[in-house]
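>
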Amino acid sequence: MRTRQILNLLLREAGIGLALVFLLILFGVFAPRFGSAANFTNILVQISINTVISVGMTFAILLGGIDLSVGSVLALATVVGGLVITHESFSVPTAIVLSLLASMAVGMACGLFNGWVSERWKVHSFIVTLGMLNIARGAALQVSHSRTIFSFPPAFNAVGTMMVGYGWFQLPVIFLIAAAAVLAGRFVLARTVFGRLIYAIGNNEEAVRLSGHNPSRYKVAAFTVTGAMVGLAAIMYMMRLNIASPILGVGFELNAIAAVVIGGTSMSGGKGSMIGTFLGACIMGVLSNGLLLLGMGDFARQMVTGFIIVLAVIIDKDRARAVVALTSYEPTHAEPAPAAPT
Amino acid sequence: MNDPVAWSGDIIELQGVTRRFPGVVALEAVDLAIRRGEVHVLVGQNGAGKSTLVKLLCGIHPVSEGHILYEGAPFAPRTTLESMRAGIRVVHQELNLLPFLSVAENVFFEHLPRRFGLVDLRRLHQRTEEALLEVGLSVSPRTRVEELGVAQMQLVEIAKALTGQSKVLILDEPTATLTPREIGRLFEILRRLRARGVTIIYISHRLQEVFDIGDRITVLRNGRKIETLRTSEARVPQIVKLMVGKEMGEEYPFRPEVSQGAEVLRVDDLRHRGSPHPVSFSVRAGELLGVAGLVGAGRTETMRALFGADPRPSGRIFRNGREVHIRRPRDAVQAGICLLTEDRKAQGVILDMPCYANVTLTNLARVSRGGLLQAAAERSSTQSLVEDLSIKTPSIHQLVRNLSGGNQQKLVIAKWLFRQAEVLIFDEPTRGIDVGARYEIYMLLWRLAEQGKGIIIVSSDLPEIMGVCHRILVFSNGRVTGEVQRSEFSQEKILSLAYQEFLRSPAGAAYSAAAPAV
Chain P
169 MRTRQILNLL
179 LREAGIGLAL
189 VFLLILFGVF
199 APRFGSAANF
209 TNILVQISIN
219 TVISVGMTFA
229 ILLGGIDLSV
239 GSVLALATVV
249 GGLVITHESF
259 SVPTAIVLSL
269 LASMAVGMAC
279 GLFNGWVSER
289 WKVHSFIVTL
299 GMLNIARGAA
309 LQVSHSRTIF
319 SFPPAFNAVG
329 TMMVGYGWFQ
339 LPVIFLIAAA
349 AVLAGRFVLA
359 RTVFGRLIYA
369 IGNNEEAVRL
379 SGHNPSRYKV
389 AAFTVTGAMV
399 GLAAIMYMMR
409 LNIASPILGV
419 GFELNAIAAV
429 VIGGTSMSGG
439 KGSMIGTFLG
449 ACIMGVLSNG
459 LLLLGMGDFA
469 RQMVTGFIIV
479 LAVIIDKDRA
489 RAVVALTSYE
499 PTHAEPAPAA
509 PT
Chain Y
44 MNDPVAWSGD
54 IIELQGVTRR
64 FPGVVALEAV
74 DLAIRRGEVH
84 VLVGQNGAGK
94 STLVKLLCGI
104 HPVSEGHILY
114 EGAPFAPRTT
124 LESMRAGIRV
134 VHQELNLLPF
144 LSVAENVFFE
154 HLPRRFGLVD
164 LRRLHQRTEE
174 ALLEVGLSVS
184 PRTRVEELGV
194 AQMQLVEIAK
204 ALTGQSKVLI
214 LDEPTATLTP
224 REIGRLFEIL
234 RRLRARGVTI
244 IYISHRLQEV
254 FDIGDRITVL
264 RNGRKIETLR
274 TSEARVPQIV
284 KLMVGKEMGE
294 EYPFRPEVSQ
304 GAEVLRVDDL
314 RHRGSPHPVS
324 FSVRAGELLG
334 VAGLVGAGRT
344 ETMRALFGAD
354 PRPSGRIFRN
364 GREVHIRRPR
374 DAVQAGICLL
384 TEDRKAQGVI
394 LDMPCYANVT
404 LTNLARVSRG
414 GLLQAAAERS
424 STQSLVEDLS
434 IKTPSIHQLV
444 RNLSGGNQQK
454 LVIAKWLFRQ
464 AEVLIFDEPT
474 RGIDVGARYE
484 IYMLLWRLAE
494 QGKGIIIVSS
504 DLPEIMGVCH
514 RILVFSNGRV
524 TGEVQRSEFS
534 QEKILSLAYQ
544 EFLRSPAGAA
554 YSAAAPAV
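Those protein sequence lines, which keep their order, are chains P and Y.
Quick note: the first sequence, position 220, residue 388 per the working numbering, numbers continuous.
Quick note: the second sequence, position 460, residue 503 per the working numbering, numbers continuous.
1. Would ASN282 (chain P) pass as a contact of PHE420 (chain P) if the rule is Cβ separation under 7 Å?
2. Tell me whether the beta-carbon of SER503 (chain Y) lies closer than 7 Å to the beta-carbon of THR222 (chain Y).
3. Pull up the distance between the alpha-carbon of THR293 (chain P) and that of ARG364 (chain P), whole angstroms please.
4. State the DSSP-derived secondary structure class of PHE15 (chain Y), mapped to helix, strand or coil.
5. Any chance you could list the beta strand (DSSP E) runs of at least 3 consecutive residues sitting entirely within the stretch 391-467 of chain P, in chain order?
6. For HIS381 (chain P), which residues in chain Y fall below 7 Å Cβ to Cβ?
7. Could you give the uninterrupted runs of the alpha helix (DSSP H) lying entirely in the stretch 401-481 of chain Y, keeping only those of 4 residues or more?
8. Can you list the residues of chain Y that LEU231 (chain P) reaches, using a CB-CB cut of under 9 Å?
9. Starting from the beta carbon of LEU404 (chain Y), find every residue of chain P whose beta carbon is closer than 9 Å, and list them in chain order.
10. Along chain P, which residues have their Cβ under 9 Å away from the Cβ of SER411 (chain Y)?
11. Of all the alpha helix (DSSP H) runs that stay within the bounds of the stretch 114-173 of chain Y, which reach a length of 4 or more residues?
12. Classify CYS512 (chain Y) as helix, strand or coil using the three-state DSSP reduction.
13. If contacts are defined as beta-carbon pairs under 8 Å, then VAL274 (chain P) and VAL248 (chain P) qualify, I think. What distance do you get, rounded to the angstrom?
14. Thinking C-beta only, is VAL220 (chain P) closer than 7 Å to ALA412 (chain P)?
15. Counting only C-beta atoms, is LEU250 (chain Y) closer than 7 Å to chain P at any point?
16. Determine the burial state of LYS290 (chain P): buried for a count of at least 16 other Cβ atoms within 10 Å of its Cβ, exposed for fewer.
17. Do ARG462 (chain Y) and THR405 (chain Y) have their C-beta atoms within less than 7 Å of each other?
18. Just to confirm, are SER107 (chain Y) and ARG63 (chain Y) a CB contact at a threshold of 7 Å?
19. For ILE211 (chain P), which residues in the same chain have their Cβ closer than 7 Å to its Cβ, ignoring the five residues on either side in sequence?
20. Sort Y:SER183, Y:ILE54, Y:GLN58, Y:LEU212 by Cα distance to VAL97 (chain Y) and report the nearest one.
21. How would you write the range of the beta strand (DSSP E) that ILE244 (chain Y) sits in, first residue to last?
22. I'd like to know if the stretch 423-434 of chain P and the stretch 250-259 of chain P are in contact, where contact means that at least 3 CB-CB pairs between them fall below 8 Å.
23. Rounded to the nearest angstrom, what separates ALA72 (chain Y) and GLU56 (chain Y) at their Cα positions?
24. Using a Cβ-Cβ cutoff of less than 7 Å, which residues in the same chain neighbour VAL253 (chain Y) once the five nearest sequence positions on both sides are dropped?
25. Using a Cβ-Cβ cutoff of 8 Å, what residues of the stretch 416-439 of chain P are near chain Y? List them in chain order.
26. Helix, strand or coil: which one does DSSP assign to MET291 (chain Y)?
27. Taking the DSSP output, what are the residues bridged to THR360 (chain P)?
28. In chain P, which residues lie with their C-beta within 7 Å of the C-beta of MET396 (chain Y)?
29. I want to know whether the stretch 370-382 of chain Y touches the stretch 341-355 of chain Y - three or more CB-CB distances under 8 Å.
30. Counting C-beta neighbours from all protein chains within 10 Å, is the total for MET397 (chain P) 16 or more, i.e. buried, or is it exposed?
31. Nearest by alpha-carbon distance to ALA69 (chain Y): which of Y:GLN169, Y:VAL188, Y:LEU75, Y:ARG267 is it?
32. Where does the unbroken alpha helix (DSSP H) through LYS93 (chain Y) begin, and where does it stop?
33. Taking ILE54 (chain Y) as the reference, give the member of Y:GLY102, Y:GLU125, Y:LEU454, Y:PHE118 with the closest Cα.
34. Out of Y:VAL455, Y:ASP477, Y:GLN281, Y:GLN208, which has the shortest C-alpha to C-alpha gap to PHE469 (chain Y)?
35. Ignore the nearest five residues each way along the sequence and tell me which others in GLY59 (chain Y)'s own chain have a CB closer than 7 Å to its CB.
36. Please report the distance separating the alpha-carbon of LEU242 (chain P) from that of PRO354 (chain Y).
Listed below in structure tokens is the structure:
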């Protein structure tokens with residue numbers, strides 16, 4: 169059973185995995201310094217934040233929804249967290265703890281709002297989160313008076329730049345947080361009742377309702393999870409850059425959606441995986457880094473990334489079609505004829 | 044025949060036609076001749092190759108081996124358009140209409156009349172009126188298709204299929220969603236078309252009607268042609284035997300020895316939204332209660348309101364004598380009531396998830412601890428249900444999409460057995476299911492009754508509910524017009540009750556949703 173599951177997983181993710189390996193080899197050969205340990209560390213740090221947001225985005229997209237507000241909410245969460253942490257009335261440890269809680273709370277509150285509004289009034293999350301994109305951005309500018317907040321406690325940034333490991337093998341803490349988020353997300357989706365219902369709702373909400381569940385509850389919860397991941401990403405951002413700013417995170421929603429989609433999750437919901445999302449985020453990061461080392465400019469890199477996103481979806485669609493064609497054509501025929509009634 | 048230029052022999056001839064799909068031979072060396080101007084019926088169980096044959100004729104798939112002759116000439120359409128241009132039109136089982144466009148736009152979708160590059164609406168509507176007249180449908184060409192009933196949509200499809208110069212009209216299970224009256228109307232139209240020289244290929248699971256409309260019947264089984272018979276010389280049991288390949292027992296089982304217990308469900312004065320008429324009924328343990336009526340009589344709506352799937356403006360529901368408050372499906376499920384909806388694919392199962400996930404969906408608490416799924420428990424309980432109901436699937440990991448209709452229906456039953464439901468409401472339990480699998484479903488219903496469950500069967504197939512039920516409740520235009528005991532079952536009696544209210548109130552004006560279709 170175990171081996172079969174692993175095999176299944178490999179087969180399902182193989183396409184994206186192979187693409188990633190292909191990119192690694194390609195850049196390893198052609199891009200100077202791509203293969204160095206320092207560069208790998210660099211890539212891991214660069215993909216961490218997008219990975220965490222993408223983990224959250226996967227929940228929204230699996231439900232057939234989307235969250236366009238992640239970038240703005242991230243900015244709001246950093247600003248609120250930044251204001252708390254730099255507040256003079258707190259001691260340093262208290263300030264840090266409260267700041268972490270504040271950022272998470274902001275993220276979750278925004279996610280809860282997104283989910284609740286879209287379920288209560290049956291408005292597609294595309295619209296609700298488009299609204300939140302503006303609300304959160306405006307709020308971030310408002311509470312920060314459109315200023316960047318800095319001079320955090322040194323301990324905060326120390327975690328953000330710390331490396332842990334054994335001997336030559338060192339990984340950035342920030343990446344470990346991202347990896348933990350991916351594993352936790354995978355666990356929730358694959359092993360819990362909540363995860364099962366997310367897939368089920370994304371596939372056929374009405375069937376889930378008629379089976380005696382209340383899909384709205386789970387959808388609101390899922391959007392709150394998305395928000396929580398944004399809160400976590402905000403904390404990671406502050407740790408790493410040592411600032412909080414209301415203009416952070418512009419366009420992050422698109423990078424996250426791209427990672428999820430490259431990872432093979434269907435935009436219509438119900439199909440996809442967390443590992444796929446992680447590989448999608450890796451591809452985005454490797455591509456961006458490798459092209460830079462090849463000497464490609466920002467504009468050209470953006471264009472290439474765009475093409476890759478479209479290409480990934482086309483390939484994925486073909487693969488799905490091939491699988492359907494191979495497995496499901498007039499399948500009843502392959503079965504033995506129905507038993508004779510007695 | 045009346046057109047001297049046209050080919051006067053067999054209009055379509057299949058010579059040793061084989062069609063393979065990866066791992067499957069869907070049709071094998073089929074020889075078949077369709078005469079011009081006949082109604083040729085294709086019967087066979089699901090997977091017998093009927094649909095594949097249609098798909099070859101309309102250009103969806105090419106043949107793997109053999110030849111098709113059309114009007115005496117080799118015919119190998121590569122696209123549906125080619126086949127349409129040659130005069131072959133198909134009305135598929137799943138209707139292919141555009142719900143948000145008008146009837147007229149749908150009927151003439153492929154060749155809208157134009158004027159100065161714009162759609163000539165006047166001409167469009169006029170021509171649509173003519174086309175609708177031909178199929179006996181009296182709705183305005185401006186009506187949006189989504190506002191029509193299923194039977195009306197079917198007629199729109201047929202009108203659409205007849206707009207070109209159609210020589211061959213293929214109907215794939217056209218009566219699956221129609222009431223007896225609508226079927227009668229459809230047959231009149233088909234006879235008229237036949238008189239005009241249109242050849243009709245007719246696919247159906249309902250054997251009775253095959254004899255009403257067909258000139259010849261071809262039986263397919265496992266991709267092979269078994270036999271072609273003249274309808275006048277064939278009998279139902281013979282056809283069934285050819286389809287199944289074995290002798291069949293009685294078509295509808297009834298087991299008088301199953302004893303009935305106390306009342307498990309009572310419904311008092313229930314109204315569903317849009318109906319002014321309260322209905323009351325009850326069902327006992329071990330009882331099979333049939334619910335008959337025309338499409339639109341309010342049967343499905345009543346059951347959905349009872350289950351909490353739709354709002355219920357009034358009505359009290361009692362389980363084992365105790366009142367239960369049902370506001371949403373969740374409440375009904377907790378009270379041990381379940382609804383197996385008529386639209387299995389859209390509402391009953393999750394097609395792209397494996398069998399086990401579908402079965403356990405009704406009671407995830409039973410296979411989880413603290414919110415964590417217990418894979419072993421999930422697999423083993425599904426496995427035992429799959430074996431118990433003899434659901435044919437290579438494994439419980441198989442996606443439900445890959446199961447046949449009959450096995451999907453059994454899986455829906457399995458999921459409610461997993462919930463240990465006590466009252467099971469079946470809405471059209473055998474729609475789209477072949478004869479052999481139907482019998483298995485009936486036997487399953489009896490097994491449930493034997494276990495003391497209360498069973499309600501809503502069905503438009505009158506022989507079916509007369510065959511298997513203890514008692515039949517008849518709905519007409521939103522009211523319950525009668526309750527008939529098994530000893531008094533007769534088609535005339537039930538039908539007259541079913542039509543009663545529609546005949547009394549002019550055009551069913553009192554009850555908006557329920558105007559009898561067409």
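For each residue, glycine too, the CB sits at the ideal point set by N, CA and C.
Well, looking at it:
1. no
2. A contact, by the Cβ cut-off of 7 Å.
3. Thr is not the amino acid found at residue 293 (chain P); the sequence shown has Ser there. Roughly 21 Å separates the two Cα atoms.
4. Any answer about residue 15 (chain Y) is impossible in this case: the structure gives chain Y only from 44 up to 561.
5. none
6. Within 7 Å Cβ-Cβ: ARG373.
7. 418-431, 448-461
8. Those do not exist, as LEU231 (chain P) stays about 14 Å from chain Y at its closest Cβ, beyond 9 Å.
9. Going along chain P in sequence order, the residues near LEU404 (chain Y) (Cβ under 9 Å) are ARG364, LEU365, ALA368, ALA375, VAL376, SER379, GLY380, HIS381.
10. THR360, VAL361, ARG364
11. 123-128, 146-150
12. In this structure, CYS512 (chain Y) counts as coil in the three-state DSSP scheme.
13. 5 Å
14. no
15. no
16. exposed
17. Going by beta carbons, ARG462 (chain Y) and THR405 (chain Y) fall inside the 7 Å limit.
18. The answer is yes: Cβ separation under 7 Å.
19. GLY453, VAL454, ASN457
20. Y:LEU212
21. 242-246
22. no
23. If you take the alpha carbons of ALA72 (chain Y) and GLU56 (chain Y), they lie about 13 Å apart.
24. VAL84, VAL86, SER247, ILE260
25. GLY438, LYS439
26. Because the pLDDT at MET291 (chain Y) is just 48, under 50, the model does not fix this residue reliably, and the value given afterwards should be weighed accordingly. Correct three-state label for MET291 (chain Y): coil.
27. Y:LEU415
28. TYR367, ALA368, ASN371
29. Contact between the stretch 370-382 of chain Y and the stretch 341-355 of chain Y is present, because at least three Cβ pairs lie under 8 Å.
30. By the 10 Å Cβ count, MET397 (chain P) comes out buried.
31. Proximity to ALA69 (chain Y) across Y:GLN169, Y:VAL188, Y:LEU75, Y:ARG267 peaks at Y:ARG267, based on C-alpha coordinates.
32. 93-100
33. Y:PHE118
34. Y:VAL455
35. Cβ within range, chain order: ALA72, ASP74, GLU108, GLY109.
36. 41 Å
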